[in-house]
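Participant:
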Amino acid sequence: MYDAGKIISGIIIFFILVSFPIWISAASGTIGDVPELNLPADEEQCVEDAEWMRANHMDLLIDWRETVVREGVRVYTASDGKEYNMSLTDTCLDCHSPKAEFCDQCHDYVAAVPNCWSCHVDPGGS
Amino acid sequence: MNALYAFFAVALLMLVAFFGVWGLGWNTLFAVMIPYAALAIFIIGLIYRVVKWARAPVPFHIPTTCGQQKSLPWIKSDRIESPSSTMGVVARMAMEILLFRSLFRNDKVQLEDKKRVTFQGNRVLWLGGLVFHWSLLIILFRHSRLFMQPVPDFMIFVRDIDGILQGLIPAVFITDIAILMALTYLFLRRVVFPQVRYISLPSDYFALFLLLGVVILGVLVKTAWKVDIEGVKVLAMGMFTFNPVVPEGIGPAFYIHIFLASVLLAYFPFSKLMHGPGIFLSPTRNLINNSRAVRHINPWDYPVKVHTYEEWEDEFREAIRGVGLPLEKE
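From first to last, the protein sequence lines are chains A and B.
Just so we're aligned: 58 in my numbering is position 58 of the first sequence, and the numbers increase by one with no gaps anywhere.
Each position in the second sequence, counted from 1, maps to that position plus 126 in my numbering.
(1) Secondary structure at TYR84 (chain A), three-state DSSP: helix, strand or coil?
(2) In whole angstroms, what is the alpha-carbon distance linking ALA379 (chain B) and ALA143 (chain B)?
(3) Among B:LEU336, B:GLY450, B:PRO395 and B:ALA135, which residue has its Cα nearest to the Cα of LYS178 (chain B)?
(4) Rounded to whole angstroms, what's the CA-CA distance from VAL121 (chain A) to ALA26 (chain A)? Just pull it up for me.
(5) Closer than 9 Å, Cβ to Cβ, to anything on chain B: give me those residues from the region 24 to 38 of chain A, in chain order.
(6) Are the C-beta of PRO528 (chain B) and some C-beta of chain A separated by less than 8 Å?
(7) Of all Cβ atoms in chain B, is any one closer than 8 Å to the Cβ of TYR109 (chain A)?
(8) Specify the secondary structure class of GLU238 (chain B) as computed by DSSP and reduced to three states.
(9) Do VAL358 (chain B) and ALA387 (chain B) have their CB atoms nearer than 8 Å?
(10) Strictly under 8 Å for the Cβ-Cβ distance: is ALA387 (chain B) near chain A by that measure?
(11) Closer than 6 Å by C-beta to ILE206 (chain B): which residues in its own chain qualify, once you throw out the five before and the five after it? Chain order, please.
(12) Could you tell me the boundaries of the beta strand (DSSP E) in which THR77 (chain A) lies?
(13) Less than 8 Å between the C-beta atoms of ALA392 (chain B) and ILE173 (chain B), yes or no?
(14) Looking at the unbroken alpha helix (DSSP H) that takes in TRP64 (chain A), where does it start and where does it end?
(15) With 8 Å as the threshold, decide whether the Cβ of TYR84 (chain A) is near any Cβ in chain B.
(16) Check whether the Cβ of ALA180 (chain B) lies closer than 8 Å to any Cβ atom in chain A.
(17) What are the boundary residues of the alpha helix (DSSP H) that TRP260 (chain B) is part of?
(18) Pop quiz: ILE305 (chain B) and PHE258 (chain B) are said to be a contact at Cβ under 8 Å. What is the actual Cβ separation, rounded to whole angstroms?
(19) Any C-beta of chain A within less than 7 Å: which residues of the region 404 to 425 of chain B qualify?
(20) What residues in its chain sit with their C-beta under 7 Å from that of ASP108 (chain A), if we drop five residues either side in the sequence?
(21) Report the CB separation of LEU338 (chain B) from LEU309 (chain B) in whole angstroms; it is logged as a contact under 8 Å.
(22) Could you tell me the distance, in whole angstroms, from the CA atom of VAL10 (chain A) to the CA atom of LEU314 (chain B)?
(23) Can you tell me where the alpha helix (DSSP H) with PHE380 (chain B) in it begins and where it stops?
(24) Whose CA, out of A:TYR76, A:ILE13 and A:ARG70, lies closest to the CA of VAL47 (chain A)?
(25) Tell me the start and end of each unbroken alpha helix (DSSP H) in the region 275 to 318 of chain B that is at least 4 residues and wholly inside, in chain order.
(26) Using a Cβ cut-off of 8 Å (strictly closer), state whether ILE287 (chain B) contacts chain A.
(27) Determine, using beta carbons only, whether ASP3 (chain A) comes closer than 8 Å to chain B.
(28) Can you tell me where the alpha helix (DSSP H) with LEU139 (chain B) in it begins and where it stops?
(29) What is the DSSP secondary structure of PHE245 (chain B), counted as helix, strand or coil?
(30) Run the CB neighbour count on HIS422 (chain B), radius 10 Å, all protein chains shown included, and call it buried at 16 or more, exposed below.
(31) Using the Cβ count rule (16 or more neighbours within 10 Å means buried), how would you classify PHE385 (chain B)?
(32) Any idea if SER118 (chain A) is buried or exposed, counting beta-carbon neighbours within 10 angstroms, 16 or more meaning buried?
(33) Going by DSSP in three states, ASP354 (chain B) sits in which element: helix, strand or coil?
(34) Return yes when the Cβ of ASP288 (chain B) is within less than 8 Å of the Cβ of ARG268 (chain B), no when it is not.
(35) Quick one, which residues of the region 7 to 18 of chain A are near chain B if we go by CB-CB under 7 Å, in chain order?
(36) Counting only beta-carbon separations shorter than 8 Å, does PRO98 (chain A) have a partner in chain B?
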């Protein structure tokens, strides 16, 4: 092999660069951390099916926001026929409070930053 | 026709992943084993190809230059386009790798009124290529949030800039739109221009369709067929610690996305996609143009046995003199 020093160091630099997430995570010591959700003890069922909510809650919240603000309708009829008050702070956070123990767990984990809290307050937070 | 072969190949791959997960429930195979295998093939294949290239000797400096070579002090030389120092080569390579300098020179040759040949700068391919590669880099960087715990602020900063167009929730990323447009252009140019279509092989289309498939599914898992992103990160982090768990309920679109990405990764070392590592090893770009200042000797030159005229004359001096022929040395 010609220029072995340059070739080998080039390959090593490439693999160190592309594996930077591993080094950052390993250095922080939190590599194995997973979100821990504080689930409500007295409720069995979320507004919709939990699996659906996990992937699509943001669409539901945007839908609620637009229905309330633009049409003034505050009643949401879930797919199982139950009716809910369309409110982030009164309905969602009634069970899932404080947000630091529910929303923030996954949102911080996957670095998804919602803009809910630029207007809404977190009633359970200090 | 070539495009159709490639299209059906990618469509088949998508169907394999879809039926494997949705029909047969082989979630672990598609989420853990195939990505691991693809990563192993990528790493070993990449090293193998690069080392194989490095075994080819480049005895002489053969840069293709676009500027005045360094010669006499009063002749102005182009230190980057015809580099005379290592720094010049570094600058030249950086321009080539980061900005695709030589593609920027792409010219279109045209016959004007069947009388005159004209050359015109054609920067569309350069723009399409540049937009595609930079978008891909930023998108890959954005994906690092799924492999990092905690996610550093600079990653969130890049994501926020990329998602500055907050038209929809979740944000539509500038790079997602840009890469789709660039890939569409890179595909269309192979179909629309007869000259390019003529030289396009199934492998050219295959790489494009595979990338398009990965990107389109990547956009879909964020918008239309949303998947449980927290589950995806649990899976990704588990793979890093060699303790993978496949969470329930990640939608099938994710599995197709990761399967196509795995195929792309495994296909990389055996394909034209190796132009990425290859650009670093281009002798016409990465060598100093100093063949007049420094003598480069071919390393496998062996000592050639020569017989000079002077030696020949010494050998036959008497015979030459005998027939009256002139001699160099009496």
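The beta carbon of each residue, even a glycine, is placed where N, CA and C say it ideally should be.
Facilitator: Based on what the coordinates show:
(1) Taking the first sequence and counting its residues from 1, the one referred to as residue 84 (chain A) is at position 84. Correct three-state label for TYR84 (chain A): strand.
(2) If you number the second sequence from 1, residue 379 (chain B) lands on position 253. If you number the second sequence from 1, residue 143 (chain B) lands on position 17. Approximately 9 Å, taken between the alpha carbons.
(3) Mapped onto the second sequence, residue 178 (chain B) falls at position 52. Closest option to LYS178 (chain B), Cα to Cα, is B:PRO395.
(4) Within the first sequence, residue 121 (chain A) is the residue found at index 121, counting from 1. Within the first sequence, residue 26 (chain A) is the residue found at index 26, counting from 1. Using only the alpha carbons, I get a separation of about 35 Å.
(5) Considering only beta carbons, the part of the region 24 to 38 of chain A lying closer than 9 Å to chain B consists of ILE24, SER25, ALA26, SER28, THR30, ILE31, GLY32, ASP33, VAL34 and PRO35, in chain order.
(6) Lying before the first or after the last residue shown, residue 528 (chain B) is absent from chain B, which here runs from 127 to 456.
(7) Here residue 109 (chain A) refers to the residue found at position 109 of the first sequence. So yes, TYR109 (chain A) belongs to the interface.
(8) Residue 238 (chain B) sits at position 112 when you count from the first residue of the second sequence. Correct three-state label for GLU238 (chain B): strand.
(9) As a first step, residue 358 (chain B) must be located in the second sequence, where it is residue number 232. As a first step, residue 387 (chain B) must be located in the second sequence, where it is residue number 261. No, Cβ-Cβ distance for VAL358 (chain B) and ALA387 (chain B) is not below 8 Å.
(10) By 1-based counting over the second sequence, the position of residue 387 (chain B) is 261. Answer no: the Cβ-Cβ gap between ALA387 (chain B) and chain A never drops below 8 Å.
(11) On the second sequence, position 80 is the one that residue 206 (chain B) refers to. The residues are GLY214, ALA217 and ARG218.
(12) Locating residue 77 (chain A) in the first sequence gives position 77, counting from the first residue. Residues 75 to 77.
(13) Residue numbering aside, residue 392 (chain B) sits at position 266 when the second sequence is read from its first letter. Residue numbering aside, residue 173 (chain B) sits at position 47 when the second sequence is read from its first letter. It is not a contact, given that the beta carbons lie outside the stated cut-off.
(14) The residue you call residue 64 (chain A) lines up with position 64 of the first sequence. 50 to 66 is the extent of the alpha helix (DSSP H) around TRP64 (chain A).
(15) To locate residue 84 (chain A), count along the first sequence from 1; it is residue 84. Closer than 8 Å: no.
(16) Against the second sequence, residue 180 (chain B) aligns to sequence position 54. Chain A, which has a Cβ nearer than 8 Å to the Cβ of ALA180 (chain B), makes this yes.
(17) Here the question's residue 260 (chain B) lines up with position 134 in the second sequence. TRP260 (chain B) -> alpha helix (DSSP H) spans 250 to 269.
(18) On the second sequence, position 179 is the one that residue 305 (chain B) refers to. On the second sequence, position 132 is the one that residue 258 (chain B) refers to. The pair is a contact, with the Cβ atoms about 6 Å apart (cut-off 8 Å).
(19) PHE406
(20) Counting from one through the first sequence, the residue named residue 108 (chain A) turns up at place 108. Excluding positions up to five away in sequence, the list is empty.
(21) Numbered from its first residue, the second sequence carries residue 338 (chain B) at position 212. Numbered from its first residue, the second sequence carries residue 309 (chain B) at position 183. With a beta-carbon spacing of about 5 Å, LEU338 (chain B) and LEU309 (chain B) fall inside the 8 Å limit used to define contacts.
(22) The residue labelled residue 10 (chain A) in the question sits at position 10 within the first sequence. The residue labelled residue 314 (chain B) in the question sits at position 188 within the second sequence. Correcting the residue type first, residue 10 (chain A) is Gly in the shown sequence and not Val. Near 35 Å, if we compare the C-alpha coordinates of LEU314 (chain B) and GLY10 (chain A).
(23) In the second sequence, counting from the first residue as 1, residue 380 (chain B) sits at position 254. Start and end: 378 to 393.
(24) Counting from 1 along the first sequence, the entry for residue 47 (chain A) is found at position 47. Nearest C-alpha to VAL47 (chain A): A:TYR76.
(25) 279 to 288 and 300 to 318
(26) To locate residue 287 (chain B), count along the second sequence from 1; it is residue 161. For ILE287 (chain B), the answer is no, since every Cβ of chain A falls outside 8 Å of its Cβ.
(27) Taking the first residue of the first sequence as 1, we reach residue 3 (chain A) at position 3. The beta carbon of ASP3 (chain A) falls within 8 Å of a beta carbon belonging to chain B, placing the residue at that interface.
(28) Taking the second sequence and counting its residues from 1, one reaches residue 139 (chain B) at position 13. Here the alpha helix (DSSP H) through LEU139 (chain B) covers 128 to 144.
(29) Locating residue 245 (chain B) in the second sequence gives position 119, where the first residue counts as 1. Three-state DSSP puts PHE245 (chain B) in a strand.
(30) Walking along the second sequence from the start, residue 422 (chain B) turns up at place 296. Under this definition HIS422 (chain B) is an exposed residue.
(31) Numbered from its first residue, the second sequence carries residue 385 (chain B) at position 259. Flag for PHE385 (chain B) reads buried.
(32) Numbered from 1 along the first sequence, position 118 holds the residue referred to as residue 118 (chain A). So SER118 (chain A) counts as exposed.
(33) Counting from one through the second sequence, the residue named residue 354 (chain B) turns up at place 228. Coil, per DSSP.
(34) Against the second sequence, residue 268 (chain B) aligns to sequence position 142. Against the second sequence, residue 288 (chain B) aligns to sequence position 162. ASP288 (chain B) sits close to ARG268 (chain B), with the two beta carbons spaced by under 8 Å.
(35) ILE7, GLY10 and ILE11
(36) Taking the first residue of the first sequence as 1, we reach residue 98 (chain A) at position 98. So, not an interface residue.
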